[in-house]
C-alpha cells in the first residue's frame, strides 16, 4: 500500500479522516480564492463523513455544494442522494440554500443532466475544476454512476450525462470522468468487507477501466477502514 491510502480501524475513523482532509482543502481554497467547491457522493457510506463535517466549523456561506451523481427520483424519495445529504449535512450544518446545487431528480433524466451541467458551468466556468471531489466505490467496482460496461467510462470530453443503469432499472445523472479527474483534490471513501474485492480490483487489479470503472481513481487519496483494504498487498 502507498501513502495515498489511509487506513483506519473502522468506518467511523475513515469517515472522520476523510472529512478532516476535505475541510482542510476547502479552507485552503477559501483562503486562496475566497470561495470553494465540493462535489460529494451518495449512498450510505458518506453519512458518517457528513456528520463529522457538521462539527468542523466550515464557513458554508463560501462553499458551493454539488453531487457526483444522483438517482432520477424526487428529492423527497428515500433513494435520493440529495435527501440523504440534506438530512445529514445541509440541515444540521445550516448550509445556505443558495450554495446548494442539486440535480433536479424530479425531472426527465436528459433534461436534468443538461440543467445540472448548466448550473455547474454558471458557477465554475466552462472548464469546471472542483476544489474537492469525493467519490465512493460500489461492491461491483462502479464509481459515480459509471457502472461496469458503461462506455462513458472512457469519455474525457463531457461533463455530465444521463445514463440508464440496467442493473438498477433506473436513470441516473452523473459527472463524467473529466470533471472528476480534474478536481484539485480527489478523495475516495470506502468501508466494509463487502467492498474489499472491488477495492483490490480498483487499486491493484489488471488494467480494465471498462470492467472496473473505479480504476480511474487510482491516483486519488483513499480513506478506508481495515475491512475494505484487507485484500491489498
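In the working numbering, the protein residues as written are 351 to 583. Glycine included, each C-beta is placed from N, C-alpha and C at the ideal position. Model, not experiment: these values are computed from the prediction.
Look at the alpha carbon of residue i and the alpha carbon of residue j, and state the distance between them as a whole number of angstroms.
i: residue 380; j: residue 496; result: 30 Å
i: residue 375; j: residue 548; result: 27 Å
i: residue 384; j: residue 536; result: 20 Å
i: residue 542; j: residue 578; result: 5 Å
i: residue 458; j: residue 583; result: 44 Å
i: residue 561; j: residue 491; result: 8 Å
i: residue 498; j: residue 487; result: 12 Å
i: residue 361; j: residue 518; result: 25 Å
i: residue 382; j: residue 573; result: 25 Å
i: residue 434; j: residue 393; result: 8 Å
i: residue 408; j: residue 420; result: 24 Å
i: residue 440; j: residue 467; result: 21 Å
i: residue 510; j: residue 521; result: 13 Å
i: residue 471; j: residue 477; result: 7 Å
i: residue 412; j: residue 444; result: 13 Å
i: residue 565; j: residue 559; result: 5 Å
i: residue 410; j: residue 436; result: 14 Å
i: residue 447; j: residue 377; result: 20 Å
i: residue 575; j: residue 544; result: 12 Å
i: residue 469; j: residue 554; result: 36 Å
i: residue 550; j: residue 397; result: 23 Å
i: residue 508; j: residue 464; result: 11 Å
In the DSSP assignment, find the unbroken alpha helix (DSSP H) run with residue i in it and report its ends.
i: residue 526; result: Careful: residue 526 lies outside any alpha helix (DSSP H) and carries neither H nor E.
i: residue 497; result: Note, residue 497: premise wrong, no alpha helix (DSSP H); not H, not E.
i: residue 554; result: 546-554
i: residue 398; result: 396-404
Tell me which residue opens and which closes the beta strand (DSSP E) that residue i is part of.
i: residue 374; result: Element bounds for residue 374: not the beta strand (DSSP E) but the alpha helix (DSSP H), 361-383.
i: residue 413; result: 413-417
i: residue 570; result: It is not in any beta strand (DSSP E) - residue 570 carries neither H nor E in the DSSP assignment.
i: residue 386; result: 386-390
i: residue 507; result: Where residue 507 is concerned, there is no enclosing beta strand (DSSP E), given that its DSSP letter is neither H nor E.
i: residue 538; result: 535-540
i: residue 581; result: Looking at the DSSP string, residue 581 is not in any beta strand (DSSP E), and its letter there is neither H nor E.
i: residue 357; result: 355-358
Confirm, please, whether the CB-CB distance from residue j to residue i is below 8 Å.
i: residue 369; j: residue 415; result: no
i: residue 533; j: residue 523; result: no
i: residue 387; j: residue 484; result: no
i: residue 462; j: residue 515; result: no
i: residue 493; j: residue 556; result: no
i: residue 395; j: residue 539; result: yes
i: residue 417; j: residue 389; result: yes
i: residue 479; j: residue 438; result: no
i: residue 424; j: residue 475; result: no
i: residue 482; j: residue 442; result: no
i: residue 581; j: residue 546; result: yes
i: residue 399; j: residue 373; result: no
Please confirm if the stretch 498-508 is in contact with the stretch 437-453, defined as three or more CB-CB distances below 8 Å between the two stretches. The count of Cβ pairs closer than 8 Å, one atom from the stretch 498-508 and one from the stretch 437-453, stays below three, leaving the stretches out of contact.
In chain order, which beta strand (DSSP E) runs of at least 3 residues are fully inside the stretch 428-490? Segments of the beta strand (DSSP E) lying fully in the stretch 428-490: 482-485.
Check whether the stretch 428-438 touches the stretch 525-532, taking contact to mean three or more Cβ pairs, one atom from each stretch, closer than 8 Å. Result no; under three Cβ-Cβ pairs closer than 8 Å.
Inter-stretch contact at 8 Å, needing at least 3 Cβ pairs: the stretch 563-570 / the stretch 357-372: Using a Cβ-Cβ distance cut-off of 8 Å, the stretch 563-570 and the stretch 357-372 are not in contact, since fewer than three pairs of beta carbons, one from each stretch, lie closer than that value.
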